[in-house]
Amino acid sequence: MAQIIDGKNMANQIHSELCKELSQFVAEGNPVPHLTAIIVGEDPASQKYVEKKTEACKEIGIRSRTIVLPESTTQAELLDVIDQQNKDESVNGVLVQLPVPAHIDERTVCNAIIAAKDVDGFNEINIGRLALDMNGIVPATPLGVKTLLERANIPTYGRNAVVVGRSKNVGLPLSILLHSDGSHATKGLDATVTICHRYTPAKELAKYCRQADIIVVAVGKPGLITKDMVKPGACVIDVGITRIQDETGKYKLVGDVDFDEVRQVAGHITPVPGGVGPMTVAMLMQNTILAAKKQAADRAN
Numbered sequence: 406m407a408q409i410i411d412g413k414n415m416a417n418q419i420h421s422e423l424c425k426e427l428s429q430f431v432a433e434g435n436p437v438p439h440l441t442a443i444i445v446g447e448d449p450a451s452q453k454y455v456e457k458k459t460e461a462c463k464e465i466g467i468r469s470r471t472i473v474l475p476e477s478t479t480q481a482e483l484l485d486v487i488d489q490q491n492k493d494e495s496v497n498g499v500l501v502q503l504p505v506p507a508h509i510d511e512r513t514v515c516n517a518i519i520a521a522k523d524v525d526g527f528n529e530i531n532i533g534r535l536a537l538d539m540n541g542i543v544p545a546t547p548l549g550v551k552t553l554l555e556r557a558n559i560p561t562y563g564r565n566a567v568v569v570g571r572s573k574n575v576g577l578p579l580s581i582l583l584h585s586d587g588s589h590a591t592k593g594l595d596a597t598v599t600i601c602h603r604y605t606p607a608k609e610l611a612k613y614c615r616q617a618d619i620i621v622v623a624v625g626k627p628g629l630i631t632k633d634m635v636k637p638g639a640c641v642i643d644v645g646i647t648r649i650q651d652e653t654g655k656y657k658l659v660g661d662v663d664f665d666e667v668r669q670v671a672g673h674i675t676p677v678p679g680g681v682g683p684m685t686v687a688m689l690m691q692n693t694i695l696a697a698k699k700q701a702a703d704r705a706n
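Residue numbers (the working numbering): 406 to 706.
What follows is the structure, given as structure tokens:
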């Protein structure tokens, strides 16, 4: 049976470390970092995600504010709110909870948050700096997966890794972190990476996965990765999360991996929930403190 990588416990450890780091930062005379989260609409899942982020802020000692805008908010109105947060020197981090309503362009919104306050790491400048192996703010979920692999002592140097999913917020930046040079700014993991996606034929997906030492799947398709697709001893990281109704009529959260079956052959595996999710929140907190430190250094110069 695979060893379960407890993302929740790992995230709690990181929270404790960040709490000490923040206390030292404030003790040096710096203001308490402030994070603003913006939600458009009343999607229950989005509200729950932001609640988890604000709870983490409170636990660590970061000030936070949530701005809830109605579903009818226009793109121009949302951009105006973002601009206000960009200009507010007391605000160190800004995020817009995704997805946004269909009438609002997600890429325009992500790029509207200035790179220095873009704690989600979705601004084109931060993504570009990641691609060029330069210092910047790294997207929270990919950074959470990287940190999870490192802290679980999963070997990555020269290993075969398959990323299933090519989204600009998870799959793409994660593949960059996995393959980039560990001696450069982003401290990549030096793996050999194959990217699979919706147009990868099922037989080819299974073939690539069976060759992988590390599989990371992030597509939102329950049960996509099955036991026969996993090499014995491989590390399987499940980023997907979907709310489904079971045979009793109750709702539960599941990932993209057939957990009960795959854990019989994998060496390490993350659960859903309790795996990547808590690490994403922890990395968001880390990014907020990083942003505050960089802004303080810029002001000092």
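Here a beta-carbon is modelled for each residue, glycine too, at the ideal position from N, C-alpha and C. Bear in mind the structure is a predicted one, so any value in this text is a computation, not a measurement.
- Between the segment 664-677 and the segment 595-607, the count of Cβ pairs shorter than 8 Å is below three; the stretches do not touch.
- Contact annotation: Pro-436 and Thr-693 have beta-carbon atoms that are not nearer than 9 Å.
- Contact between Val-496 and Gln-490 holds, with the beta-carbon distance rounding to 5 Å and staying under 8 Å.
- A residue is called buried once 16 or more other Cβ atoms fall within 10 Å of its Cβ, and Thr-591 is buried on that count.
- Counting the other Cβ atoms within 10 Å of the Cβ of Lys-522 gives 16 or more, which makes it buried.
- Per the DSSP secondary-structure output, Leu-500 pairs in a beta bridge with Ala-442.
- The shortest C-alpha to C-alpha distance from Val-644 to any of Thr-631, Asp-651 and Val-659 is the one to Val-659.
- Closest in C-alpha terms to Ala-557, from the list Ala-701, Gly-672 and Gln-480, comes Gly-672.
- Between Leu-689 and the set Leu-484, Asn-540 and Ala-545, the nearest pair of CA atoms involves Ala-545.
- Across the structure, Tyr-656 and Gln-452 are spaced so that their CA atoms are roughly 18 Å apart.
- Residue state for Lys-657 is assigned as strand, using DSSP reduced to three classes.
- Distance check between Glu-447 and each of Pro-475, Ser-428, Glu-456 and Thr-471 places Pro-475 closest, using alpha-carbon atoms only.
- Going by C-alpha positions, Gly-498 is about 5 Å away from Leu-440.
- If you look at Ile-465, you'll find it in the alpha helix (DSSP H) that goes 449-465.
- Secondary structure note for Thr-597: its beta strand (DSSP E) is the uninterrupted segment 597-601.
- Secondary structure of His-589 (DSSP, three-state): coil.
- For Thr-693, the secondary structure class from DSSP, reduced to helix, strand or coil, is helix.
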